[in-house]
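S.K.:
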Amino acid sequence: MTGSGPGNAAERYGHKMDKVIKYERVVKKWYDSLEEGKFLGTVCERCGACEFPPLYSCNTCGGHDMRWIEMSGDATLESFVLNGPMSADYGEPYALGYVRVKEGAIFTAIVFGITKRNAPEVDKMLPAPLKMEIFQRDGYKTVAFRLVK
Ligand SMILES: [Zn+2]
């Protein structure tokens, strides 16, 4: 996609700008949907892979035909690490989890409901059920997960 290849500099620059604009549209729609209380992801029309958080192209096959889907909010915790003392304050204890959403995407995320105290217990439960939730940061909403007890 980048570097050498046919086409002049203007064409390459134009292509890059197009990608940036597409990406900004995806990011805007994502934040707008969170304001409405919805979790949106994208699904690749070519291979069916789900991207969450949503992307305008497929990380699995490189396809560019993505459609929007509303996520179920169901996920499983595959593994986790407790947060360190220098990490951000989310208002309650949390862990960094390796999360697999029901629709298939896997990523790291903030997971509430795990503390130093219950960590050994949670470790024995893995893979453990999670629910997606909207988390209010300073001026915007984002997604976190919570252990289902
Ligand atoms: Zn794909």
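In the numbering used here, the protein residues as written are 404 to 552. Beta carbons: idealized from backbone N, C-alpha and C, even for Gly.
So is the beta-carbon of Gly-444 under 6 Å away from any non-hydrogen atom of ligand 1?
M.R.: Outside the cutoff, so no.
S.K.: I need the DSSP call for Val-429, collapsed to helix, strand or coil.
M.R.: Helix at Val-429.
S.K.: Using 10 angstroms around the beta-carbon of Phe-538, count the other beta-carbons present and answer buried if the total reaches 16, otherwise exposed.
M.R.: Buried.
S.K.: Give the range of the alpha helix (DSSP H) segment to which Pro-345 is assigned.
M.R.: This structure gives no information on residue 345, because the portion of the chain shown stretches from 404 to 552.
S.K.: Cβ-heavy atom distance between Gly-466 and ligand 1 below 6 Å?
M.R.: Within the cutoff, so yes.
S.K.: From the DSSP output, in three-state form, read off Lys-519 for me.
M.R.: If DSSP states are grouped into helix, strand and coil, Lys-519 belongs with coil.
S.K.: Could you give the DSSP three-state label for Leu-437: helix, strand or coil?
M.R.: In the structure shown, Leu-437 sits in a helix (DSSP, three-state: H, G or I).
S.K.: Buried or exposed: which applies to Pro-457, given that a residue is buried once 16 or more other Cβ atoms fall within 10 Å of its Cβ?
M.R.: Classification for Pro-457: buried.
S.K.: Out of curiosity, what's the CA-to-CA distance linking Asp-492 and Ala-531?
M.R.: Straight-line Cα distance between these residues: approximately 24 Å.
S.K.: If I measure Cβ to Cβ from Lys-534 and keep anything under 8 Å in the same chain, skipping five residues before and after, which residues do I get?
M.R.: Hits under 8 Å: Gly-476, Asp-477, Ala-478, Phe-548, Arg-549, Val-551.
S.K.: Measuring straight from C-alpha to C-alpha, what distance separates Lys-432 and Ile-517?
M.R.: When rounded, the distance between both Cα atoms is 31 Å.
S.K.: State the start and end residues of the unbroken beta strand (DSSP E) segment that holds Phe-538.
M.R.: Segment 531-539, the beta strand (DSSP E) holding Phe-538.
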